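In the order they appear, the protein sequences are chains A and B. For reference, each letter of the first sequence is one residue, going 1 to 114 in my numbering. For reference, each letter of the second sequence is one residue, going 115 to 228 in my numbering. Even for Gly, the Cβ is constructed at its ideal location relative to N, Cα and C. Because the structure is a prediction, the values reported are computed rather than measured.
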Amino acid sequence: ETGVTQSPTHLIKTRGQQVTLRCSSQSGHNTVSWYQQALGQGPQFIFQYYREEENGRGNFPPRFSGLQFPNYSSELNVNALELDDSALYLCASSARSSGRDEQFFGPGTRLTVL
Amino acid sequence: GQQVMQIPQYQHVQEGEDFTTYCNSSTTLSNIQWYKQRPGGHPVFLIQLVKSGEVKKQKRLTFQFGEAKKNSSLHITATQTTDVGTYFCLLLGISNFGNEKLTFGTGTRLTIIP
């Protein structure tokens with residue numbers, strides 16, 4: 001296993017609610033990236049955090065926000081949930097400042113929005 | 115935005131046959147990574163290519179980066195049932211705002227007929 005953990009494993013929410021997903025990065029890693037993976041699709045880049053600052057962002061609306069803490073763990077927050085937000089949310093940690101090194105993925109959080 | 119086509123979308127092969135997936139970008143890449151995702155699992159890093167025309171081998175897997183750094187391929191010789199999964203390329207680049215942007219290819223799903 002990679003040493004990257006995510007919680008919770010599964011989550012069911014209703015439309016309009018808010019959700020917080022958590023990720024603990026591998027020891028020694030200072031960069032965390034978040035991805036959304038819909039069923040049968042490739043992961044879509046949401047954003048990346050390096051040393052507590054957002055270092056890059058994909059094409060996701062502002063209701064997707066994040067945090068990285070001094071211990072390099074991270075949170076993904078999604079407000080005003082929509083049905084299309086149902087997906088597997090993956091976080092990945094890496095060691096380099098630019099995130100250009102190997103990414104170690106966690107097992108993901110399966111979010112279902114009803 | 116950046117277009118990342120991966121072909122084919124699906125590939126069914128007899129065990130022992132070869133398999134190739136191609137990743138094509140509309141822009142020149144700084145580097146590219148390849149990942150494998152088993153059914154129900156998370157992406158696992160395979161390799162990173164950086165140099166124009168680079169070729170790397172891992173046992174039965176051969177990875178190639180195009181001379182123009184706009185395309186890449188993954189070739190598996192004599193497939194085995196353990197090769198089953200979806201193979202993704204990951205493009206690492208810089209957005210128009212100078213931040214990190216990571217784009218996964220559409221993926222090629224490999225199934226093996228024993």
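Only buried fits R57/A, as 16 or more other CB atoms lie within 10 angstroms of its CB. One Cα belongs to W34/A, the other to S86/A, and the distance between them is close to 15 Å. CA-to-CA, the gap between T5/A and K150/B works out to about 19 Å.
With at least 16 other beta carbons inside 10 angstroms of its own, L90/A counts as buried.
The C-alpha of G66/A is placed about 21 Å away from the C-alpha of T14/A. Comparing alpha carbon positions, the residue from K215/B, H189/B and T193/B closest to V169/B is H189/B. Taking a C-beta cut-off of 7 Å against chain A, the contacting residues of the segment 193-213 of chain B are F202, L206, S209 and N213, listed in chain order.
Contact note: Q48/A reaches chain B through N213, E214, K215 and L216, using a C-beta cutoff of 9 Å and chain order.
Around the beta carbon of E214/B, a 10 Å sphere encloses 16 or more other beta carbons of the protein chains shown; the residue is thus reported as buried. Taking a cut-off of 8 Å on C-beta distances, the segment 16-32 of chain A does not touch the segment 192-200 of chain B, as fewer than three cross pairs fall below it. Residues of the segment 144-160 of chain B with a Cβ closer than 9 Å to any Cβ of chain A, in chain order: S144, N145, Q147, Y149, Q151, G155, H156, P157, V158 and F159. Fully enclosed alpha helix (DSSP H) runs of no fewer than 4 residues are not present anywhere in the segment 6-51 of chain A. Interface criterion met: the Cβ of G221/B is under 8 Å from a Cβ in chain A. Partner residues in the beta bridge of T134/B, as assigned by DSSP, are H189/B. Look at S33/A: its C-beta is under 8 Å from a C-beta on chain B.
Burial check for S166/B: the Cβ neighbour count within 10 Å stays below 16, so the residue is exposed.
Closest in alpha carbon position to E181/B, among I121/B, K173/B and N145/B, is N145/B. For a cut-off of 8 Å, the C-beta gap from D132/B to T191/B is around 6 Å, short enough to register as a contact.
L88/A sits in a strand when the DSSP states are folded into three classes.
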